[in-house]
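Scroll down for the structure; my scribbles are underneath it.
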């Protein structure tokens, strides 16, 4: 699962493919979400292929960390839905 939305970064690069890399639940405190953004889905596929083959890659990945209130029962699907409530990801479509 991932999100598709065109977002221009501060450096001018436009990223369109966004996926959750990690969800770190700090018990009874906070949830830290790591989101990786790629220029497009093809770049993510290049990364996956390179990782599977243990080959070098030249893929632009923008990573950010988002903190949210802790919820023990949240699933990754819930976290994707949460991301879509944030201004940055509003209007994103599931892919």
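Residue numbers (our numbering): 5 to 99. For each residue, glycine too, the CB sits at the ideal point set by N, CA and C.
At what residues does the alpha helix (DSSP H) containing residue i begin and finish?
| i | result |
| --- | --- |
| residue 87 | 80-87 |
| residue 38 | That residue, residue 38, is in no alpha helix (DSSP H); its beta strand (DSSP E) goes 34-42. |
Which of the three DSSP states is assigned to residue i in this structure?
| i | result |
| --- | --- |
| residue 90 | coil |
| residue 55 | helix |
| residue 50 | helix |
| residue 76 | coil |
Pull the bridge partners of residue i from the DSSP assignment, please.
| i | result |
| --- | --- |
| residue 99 | According to DSSP, which records beta bridges pairwise, residue 99 is partnered with nothing at all. |
Closest to residue i by C-alpha separation, out of the options, would be which residue?
| i | options | result |
| --- | --- | --- |
| residue 71 | 27, 64, 60, 8 | 27 |
| residue 17 | 44, 69, 7, 89 | 44 |
| residue 39 | 82, 98, 78, 65 | 65 |
| residue 67 | 6, 22, 12 | 22 |
| residue 12 | 58, 42, 31, 59 | 42 |
For the beta strand (DSSP E) that contains residue i, what are its first and last residues?
| i | result |
| --- | --- |
| residue 26 | 18-30 |
| residue 13 | Where residue 13 is concerned, there is no enclosing beta strand (DSSP E), given that its DSSP letter is neither H nor E. |
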